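The structure appears right after this line, and notes come after that.
Number of protein chains: 2
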Amino acid sequence: MTTLAEASLNHPHSSEHDHKKCVSEALDTAEHLCVVRGVQLTPIRHQVLELIWDSHKAVKAYELLDRIKPLQNAAKPATIYRALDFLMEQGLIHRVESLNAFVGCSSSGHQHEQLLLICKHCNEVEERPATEVMQALSQEFDQAGFIVHSKAIEVHGICIKCAALYDDQD
Amino acid sequence: MTTLAEASLNHPHSSEHDHKKCVSEALDTAEHLCVVRGVQLTPIRHQVLELIWDSHKAVKAYELLDRIKPLQNAAKPATIYRALDFLMEQGLIHRVESLNAFVGCSSSGHQHEQLLLICKHCNEVEERPATEVMQALSQEFDQAGFIVHSKAIEVHGICIKCAALYDDQD
DNA sequence: AATCAAATGTTATATTATAACATCCGCTAG
DNA sequence: CTAGCGGATGTTATAATATAACATTTGATT
């Protein structure tokens with residue numbers, strides 16, 4: 003049983019996985035995809051992506067703005083929103099609609115639209131391909147005659163790690 | 003083949019179903035549920051619900067504010083947001099997270115969380131219970147050990163009626 | 001009549017996002 | 001080489017969405 007004090011306040015489950023690996027994989031993939039696609043992962047865009055990957059939590063645009071200012075003194079809302087637009091177009095991040103926030107995408111390049119499990123305790127977002135769910139959705143669209151452009155499948159609750167750490171599962 | 007001119011601009015598919023019946027059913031159900039639950043469907047709340055049910059489109063909070071002002075001269079943002087909070091708590095409306103907008107719930111009282119199909123052409127929102135999807139989701143949560151509090155399953159695209167009306171399906 | 005809770009009124013402000021136009025910078029057609 | 005073009009960024013302003021905090025009203029209960 004892990005105690006609350008053992009876990010960092012900002013990154014509650016950080017000790018439980020090699021986060022540097024998450025970051026380097028995400029950045030490597032992003033750099034590679036941008037080269038292949040002939041689009042520019044400029045310094046600003048790269049920095050925003052890195053800031054987003056600081057954790058597995060969904061991050062607000064204005065929080066990113068605050069955090070990028072030491073690096074980009076001239077940064078304004080448009081600076082961040084343009085970078086976010088680019089990163090979303092390239093499938094490198096998810097917009098979490100129900101939080102107005104953004105989180106790194108672990109599966110850039112393959113299937114981008116995934117089930118997002120959003121923990122209310124630690125605020126981390128877990129992506130799951132959820133292939134059975136996606137298949138059931140496809141059948142539903144066919145039945146409804148609906149032509150899909152984009153999906154947002156977001157679920158809020160308590161993740162397995164927090165459920166183990168806390169008894170109170172509001 | 004229906005032409006564009008035949009359809010109302012605001013309610014493109016209104017001729018295709020008895021919308022008065024949608025509204026009266028929704029309001030009757032709401033009134034009944036509130037009595038049963040011992041909560042107050044006050045005039046403001048009732049008016050907001052009626053305004054939302056004016057169509058099957060998702061409506062913005064400030065649009066509701068504009069539309070309620072003739073009836074409630076003193077209406078301010080809080081007036082609307084409080085009514086919306088109440089209606090959501092009672093499961094009488096859905097918040098469409100990906101639009102920051104609101105739409106009436108046809109199945110208040112039974113299962114509230116549903117698949118929402120959101121048409122980019124007519125802006126109408128179709129609710130579907132999508133039981134296979136929900137079952138697949140439940141299995142996914144079990145596998146992930148995730149304790150669900152709420153779900154938002156929102157899909158954007160072109161509805162079957164608009165697909166029939168328009169060739170250009172952006 | 002006193003009091004309490006729920007709803008609403010009211011003012012102010014926080015948060016999220018975009019519009020519009022200016023500038024910079026690397027590339028390439030002439 | 002240089003004029004011009006497109007993409008990225010800088011800059012200012014403002015739009016759109018949402019909440020906080022405190023005052024007042026109202027109807028039910030004691």
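Protein chains in written order, with this note's numbering: chain A, 3 to 172; chain B, 3 to 172.
Glycine is no exception: its CB is placed at the ideal position from the N, C-alpha and C atoms.
All values derive from a computational prediction rather than experimental measurement.
- Under 8 Å Cβ to Cβ from Ile-82 (chain A), same chain only, skipping five residues before and after it: list those, please. Val-50, Ala-63, Tyr-64, Leu-66, Leu-67, Ile-70
- Excluding the 5 residues preceding and the 5 following Thr-5 (chain A) in the sequence, name in chain order all residues of the same chain whose CB lies nearer than 8 Å to its CB. Below a pLDDT of 50, predicted positions are generally treated as unreliable, and Thr-5 (chain A), at 44, falls in that range; no measurement from the model is reported.
- Pick out the complete alpha helix (DSSP H) segments inside the stretch 44 to 107 of chain A, 4 residues or longer, and give them in chain order. 45 to 54, 63 to 70, 79 to 91
- Task: Note down, in chain order, every chain A residue with its Cβ under 7 Å from the Cβ of Lys-153 (chain B).
- Result: Val-157
- State yes or no: is the C-beta of Leu-117 (chain B) within less than 7 Å of the C-beta of Arg-97 (chain B)? no
- Message: On the criterion of 16 or more Cβ atoms from any shown chain inside 10 Å, does Lys-153 (chain B) qualify as buried, or is it exposed?
- Response: buried
- Query: Can you find a C-beta in chain B that's less than 7 Å from the C-beta of Gln-115 (chain A)?
  - Reply: At residue 115 (chain A) the sequence reads Glu, which differs from the Gln that was named. No, no contact with chain B.
- Using a Cβ-Cβ cut-off of 7 Å, state whether Glu-142 (chain B) counts as contacting chain A. yes
- Keeping to the same chain, check which residues put their C-beta closer than 6 Å to that of Ala-85 (chain A); ignore five residues upstream and five downstream. Result list for Ala-85 (chain A): Ile-46, Arg-47, Val-50, in chain order.
- Cβ shell of Leu-43 (chain A) (< 7 Å), same chain only, five flanking positions each side left out: Ala-32, Glu-33, Cys-36
- Message: According to DSSP, simplified to helix, strand and coil, what is Ser-152 (chain B)?
- Response: strand
- Message: Please classify Gly-106 (chain B) as buried or exposed, where buried requires at least 16 other C-beta atoms within 10 Å of its C-beta.
- Response: buried
- Do we get a CB-CB distance below 7 Å when we pair Phe-104 (chain B) with the residues of chain A? no
- Task: Please state if the CB of Leu-119 (chain B) and the CB of Val-150 (chain B) are separated by a distance shorter than 7 Å.
- Result: no
- Query: Any beta-carbon of chain B closer than 7 Å to the one on Ala-132 (chain A)?
  - Reply: yes
- Cβ of Ser-110 (chain B) less than 7 Å from any chain A Cβ? no
- Note down, in chain order, all residues in the stretch 87 to 98 of chain B with a beta-carbon under 8 Å from any beta-carbon belonging to chain A. none
- Query: Taking Cβ positions only, does Ile-162 (chain A) come closer than 7 Å to chain B?
  - Reply: yes
- Can you list, in chain order, the stretches of the alpha helix (DSSP H) that have 4 or more residues and sit fully within the stretch 16 to 40 of chain A? 21 to 39
- Less than 7 Å separating the beta-carbons of His-15 (chain A) and Lys-122 (chain A)? Taking 7 Å as the Cβ cut-off, His-15 (chain A) and Lys-122 (chain A) do not qualify as a contacting pair.
- What does a CB cutoff of less than 8 Å around Leu-29 (chain A) pick up in its chain, not counting 5 residues either side in sequence? For Leu-29 (chain A), same chain residues with a beta-carbon under 8 Å away, outside a window of 5 residues either side, are His-48, Leu-51, Glu-52, Trp-55 in chain order.
- Task: Return the chain-ordered list of same chain residues with a C-beta closer than 8 Å to the C-beta of Ala-132 (chain A), the five sequence neighbours on each side being excluded.
- Result: Here the set comprises Gln-116, Leu-117, Ile-155.
- What's the gap between the Cα of Ile-160 (chain A) and the Cα of Ser-100 (chain B)? 22 Å
- Query: Cα-Cα, which of B:His-114, B:Arg-39, B:His-58 is closest to Cys-24 (chain B)?
  - Reply: B:His-58
- Query: So, are the CB atoms of Phe-104 (chain B) and Val-135 (chain B) less than 7 Å apart?
  - Reply: no
- Message: Residues of chain B with CB closer than 7 Å to the CB of Leu-119 (chain A), please, in chain order.
- Response: Ala-146, Phe-148
- Helix, strand or coil at Cys-164 (chain B) [DSSP, three-state]: helix
- Comparing the C-beta of Asp-167 (chain B) with each C-beta of chain A, is any distance below 7 Å? For the record, residue 167 (chain B) in the displayed sequence is Leu; it is not Asp. Not one chain A Cβ lies under 7 Å of Leu-167 (chain B).
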